[in-house]
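Visitor: These protein sequence lines are chains G and X, in that order.
Here the numbering used here is used: the first residue of the first sequence is 241, the next is one more, and so on.
Here the numbering used here is used: the first residue of the second sequence is 790, the next is one more, and so on.
For every residue, glycine included, the Cβ atom is placed at its ideal position computed from N, Cα and C.
One structure, pasted below without further comment.
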Amino acid sequence: MNLFRLLGDMTHLLSIVVLLLKIRTVKSCAGISLKTQELYVIVFLTRYLDLFTKYYSVYNTAMKLVFLGTSIGIVWYMRYHKVVKQTYSKDEDTFKHYFLILLSIILALLIHRAFDVIEVLWTFSLYLEAVAILPQLVLLQKSRNIDTLTGDYVFLLGAYRALYILNWVYRFLMENHKFRWIPWISGLVQTALYADFFYYYIKSWKNREKLKLPA
Amino acid sequence: PPSSYVKDEL
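Below, the structure written as structure tokens:
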């Protein structure tokens, strides 16, 4: 495993820690899109089916279980925890996320490497992950007040995929790997969706101002 | 390299 990959995974993990910190200690999920969180549960459930069919490493298995467990836990808190669920910005979380699922299903059925259940679901999970942040970004645009933890959470989530791109470049050059268009293009699209957010996040950080996205 | 290499990622 190269450094970019490890940093990417750690950034992803850290984003979840930051979100759990907000939910468990501040007891708030204000500004967090439940729709995006539900999409992540679907992404992990469909991607990690190979937990049952293939073993890679203790690290790999442990991380998959952590991502599955925490994503389900976060959705549970936002839907059912009696204090946390009252802080949910329901009226602003309006993105039609079913549309993203449908789009990813159609795309996975049309473009995949092999037509079998696990491969198509794996491909579906990549397409869905690429766009899963959209409801969250739309919610942020509508939020008048983006708190630090929410801003940091989204930034770390975007940084994770950007680091994965460097990891793919490294593996292509150093480990002599072949082209893998589906994950690469999905990953590029996913990272590109954050471009606008990155710009305003870094700007607010440099000017020591509160993060605010233009509507 | 193994053909499934991308799948060793998360």
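Between M303(G) and chain X, is the shortest Cβ-Cβ distance under 8 angstroms, so that the two count as touching?
Guide: yes
Visitor: If you draw a straight line from the C-alpha of L379(G) to the C-alpha of R411(G), how long is it?
Guide: 35 angstroms
Visitor: Quick check: is the beta carbon of F307(G) nearer than 8 angstroms to any beta carbon in chain X?
Guide: yes
Visitor: Less than 6 angstroms between C-beta atoms, sequence neighbours within five positions excluded: which residues of the same chain meet that for K336(G)?
Guide: none
Visitor: Is the separation between the beta-carbon of L374(G) and that of L285(G) shorter than 8 angstroms?
Guide: No, the Cβ-Cβ distance between L374(G) and L285(G) is not below 8 angstroms.
Visitor: R245(G) CB to nearest chain X CB: under 8 angstroms?
Guide: yes
Visitor: Please look up how many angstroms separate the CB atoms of T363(G) and A348(G), rounded, as I've assumed it's under 8 angstroms.
Guide: With a Cβ gap of about 4 angstroms, T363(G) and A348(G) count as contacting.
Visitor: Are the Cβ atoms of Q376(G) and M318(G) separated by less than 8 angstroms?
Guide: Going by C-beta atoms, Q376(G) is not nearer than 8 angstroms to M318(G).
Visitor: Report the rounded CA-to-CA distance for Y299(G) versus E359(G), giving the unit in angstroms.
Guide: Across the structure, Y299(G) and E359(G) are spaced so that their CA atoms are roughly 22 angstroms apart.
Visitor: Taking Cβ positions only, does D436(G) come closer than 8 angstroms to chain X?
Guide: Answer no: the Cβ-Cβ gap between D436(G) and chain X never drops below 8 angstroms.
Visitor: Quick check on DSSP: helix, strand or coil for K446(G)?
Guide: K446(G) falls in the helix class under three-state DSSP.
Visitor: Using a Cβ cut-off of 8 angstroms (strictly closer), state whether Y295(G) contacts chain X.
Guide: no
Visitor: Using a Cβ-Cβ cut-off of less than 7 angstroms, list which residues of the stretch 405–435 of chain G approach chain X; keep chain order.
Guide: E415, N416, H417, R420 and P423
Visitor: Can you give me the Cβ contacts of K267(G) inside the same chain, cut-off strictly under 7 angstroms, excluding the 5 residues immediately before and after it?
Guide: V323 and V324
Visitor: Is D290(G) close to chain X? Criterion is C-beta to C-beta, closer than 8 angstroms.
Guide: yes
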